[in-house]
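Presented below is the structure to which this report refers.
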Amino acid sequence: MKITVIGTGSFGTSLAMVLADNGHDVRIYGRNRAVVDEINEQHTNVNYLKDVSIPESVKALSSMEESISHAELIVLAVPVKAMRQVAREVHGHLRAMHKKVLLVHVAKGLELDTHLRVSEIISEETDDETVEDICILSGPSHAEEVARRAPTTVSAASIGPEGAKIIQDVFMTRYFRVYHNDDMTGVEIGGALKNIIALAIGVLHGLNFGDNAKAAIITRGLQEIARLGTRMGANPLTFLGLTGMGDLVVTATSMHSRNYRCGIMLAEGRSVEEAQQEMGMVVEGVNTTRAAYELATQYDVEMPITKVLYQYLFEDISEEEAFYALMMREKTGETDDLKEALQQQYKEWTRE
């Protein structure tokens, strides 16, 4: 296929490499002309992926219009805060060209003001005349490892019934395995909310709270993700899979994770702005913490880890106050909420 990746960051670049390895005709669009020239002339992108050689067949472009005119499939690899504007631009070019494409996004977060999932943002900015289907590719997939062709497994989901299966065929290689999943809501919520927990784990690491505390936050964090996700209509089993537990573990335990690293920097005394500036990349967990905290209120869902991280980030309570507040919460059963969600899912299956 003729495929265009919008975004020359680490994940966009690594996915362009996967697609090129699979024999597709790949273009990658970026606003930074210096990065575009580097990809074309040096076949590298050192600001985002060190010691990685990009296939010469991957051509970088600085013209959005030219990039769109090339594509049968478009991969949106931009931060959540840029997604609405980029989707609007893509839609405008497609409409002017009377083109219709398959769209797949790889962003993991929620829009700050609207609390919308990324597919919902794209849906608002496009229509059936320009987009065949909206898909997501998500899971435990550090760009640095994908670019080294290390074994990686992810999930694809879509709004329509066939898009995810097409994405599965397009992306799957000997080192990049793709499963399809029919739970778009669960895949997007799992990918977004795990960044909150990874940010909290980074703070724990910076405070030297130890592995016991990390294991507790990961485990209870997954309960929070599933609690809100199922209330929003997701299948609870999705959170036991690649885009739930899988993505949570890899993001909350690795120095490749910008959310984890940001949490460490916060515990060391840096501000959120300083941490993001030092990394040179967006930390999705910060805005997602605020959005999820507000969603928890909207859906009347208890999310204590999200709540104390929100208070730590935006209400200036100390790290110790935040995490000891978790320890002294009212006593409760460990699996009560998960049991309820699974029982409800079982009732729906038996009704069908």
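FYI, in this note's numbering the residues of the sequence shown are 171 to 522. By construction, the Cβ of each residue, glycine as well, lies at the ideal position given by its N, Cα and C atoms. These numbers were taken from a predicted model, which means no experiment stands behind them.
Check: Who are the near neighbours of His275 in its chain, counting only those whose CB is closer than 6 Å to its CB and skipping five residues on each side?
Finding: As a first step, residue 275 must be located in the sequence shown, where it is residue number 105. Excluding residues within five positions, the ones whose Cβ falls inside 6 Å are Leu246, Val288 and Ile306.
Notebook entry, point to check: Using the beta-carbon count (16 or more within 10 Å), is Asp303 buried or exposed?
Noted result: As a first step, residue 303 must be located in the sequence shown, where it is residue number 133. With at least 16 other beta carbons inside 10 angstroms of its own, Asp303 counts as buried.
Notebook entry, point to check: CA-CA distance, Glu438 and Leu398?
Noted result: In the sequence shown, counting from the first residue as 1, residue 438 sits at position 268. In the sequence shown, counting from the first residue as 1, residue 398 sits at position 228. Their backbone Cα atoms lie some 31 Å apart in a straight line.
Note to self: Would Ala230 and Gly200 qualify as a contact pair, given that the criterion is a beta-carbon distance under 8 Å?
What the structure shows: The residue labelled residue 230 in the question sits at position 60 within the sequence shown. The residue labelled residue 200 in the question sits at position 30 within the sequence shown. Yes, the pair counts as a contact, with Cβ atoms nearer than the cut-off.
Notebook entry, point to check: Is Asn351 helix, strand or coil when you go by DSSP?
Noted result: Counting from one through the sequence shown, the residue named residue 351 turns up at place 181. Note: Asn351 maps to coil in three-state DSSP.
Check: How should Gly403 be labelled, buried or exposed, when 16 other C-beta atoms within 10 angstroms of its C-beta is the threshold for buried?
Finding: Taking the first residue of the sequence shown as 1, we reach residue 403 at position 233. Classification for Gly403: exposed.
Notebook entry, point to check: How is the alpha helix (DSSP H) around Thr421 delimited, first residue to last?
Noted result: For this step, residue 421 is matched to residue 251 along the sequence shown. Residues Asp417 to Thr423.
Check: How far does the alpha helix (DSSP H) with Val216 in it reach, from first residue to last?
Finding: Position 46 of the sequence shown, counted from the first residue, corresponds to residue 216. In this chain, Val216 is not harboured by any alpha helix (DSSP H), its DSSP state being neither H nor E.
Note to self: Below 8 Å on the Cβ atoms is my contact criterion, and I expect Ile292 with Leu273 to pass it. Report the Cβ-Cβ distance as a whole number of Å.
What the structure shows: Counting from 1 along the sequence shown, the entry for residue 292 is found at position 122. Counting from 1 along the sequence shown, the entry for residue 273 is found at position 103. With 8 Å as the limit, Ile292 and Leu273 qualify as a contact, their Cβ atoms being about 6 Å apart.
Checklist line | Three-state secondary structure (DSSP) of Asp283 | finding: As a first step, residue 283 is located in the sequence shown; it is residue number 113 there, counting from the start. Assignment of Asp283 by DSSP, reduced to helix, strand and coil, places it in the coil class.
Notebook entry, point to check: In chain order, which continuous runs of the beta strand (DSSP E) of length 3 or greater are located wholly inside the stretch 183 to 210?
Noted result: Listed in chain order, the complete beta strand (DSSP E) runs (minimum 3 residues) inside the stretch 183 to 210 are 195 to 199.
Note to self: Helix, strand or coil for Lys172? Go by DSSP, reduced to three states.
What the structure shows: Here residue 172 refers to the residue found at position 2 of the sequence shown. The three-state secondary structure of Lys172, taken from DSSP, is strand.
Next item on the list: Over the uninterrupted alpha helix (DSSP H) stretch that includes Asp339, give me the two end residues.
Entry: For the purposes of this step, residue 339 is taken as the residue at position 169 of the sequence shown. Start and end: Gly333 to Phe341.
Margin query: Let me confirm a value: His268 is counted as buried when at least 16 other C-beta atoms fall within 10 Å, else exposed. Which label applies?
Written below: In the sequence shown, counting from the first residue as 1, residue 268 sits at position 98. By the neighbour-count rule (16 or more Cβ atoms within 10 Å), His268 is not buried but exposed.
Notebook entry, point to check: From which residue to which residue does the alpha helix (DSSP H) around Ser293 run?
Noted result: Stepping through the sequence shown from its first residue, residue 293 is reached at position 123. Counting along the chain, the alpha helix (DSSP H) containing Ser293 begins and ends at Val288 to Glu295.
Note to self: Quick check: the Cα distance between Thr300 and Gly177, rounded to an integer number of angstroms?
What the structure shows: Taking the first residue of the sequence shown as position 1, residue 300 is located at position 130. Taking the first residue of the sequence shown as position 1, residue 177 is located at position 7. Going from the Cα of Thr300 to the Cα of Gly177 covers about 20 Å.
Note to self: Please return the same chain residues whose Cβ sits closer than 6 Å to the Cβ of His426, not counting the five positions on each side in sequence.
What the structure shows: Taking the first residue of the sequence shown as 1, we reach residue 426 at position 256. Closer than 6 Å at the Cβ level, and outside the excluded window around His426, lie His312 and Glu314.
Check: Does the distance from the C-beta atom of Glu464 to that of Pro249 stay below 8 Å?
Finding: As a first step, residue 464 must be located in the sequence shown, where it is residue number 294. As a first step, residue 249 must be located in the sequence shown, where it is residue number 79. Between Glu464 and Pro249, the C-beta spacing is not below 8 Å.
Margin query: If you measure between the beta carbons of Ile366 and Ala462, is that distance less than 8 Å?
Written below: As a first step, residue 366 is located in the sequence shown; it is residue number 196 there, counting from the start. As a first step, residue 462 is located in the sequence shown; it is residue number 292 there, counting from the start. Against a cut-off of 8 Å, the Cβ pair of Ala462 and Ile366 comes out as a contact.
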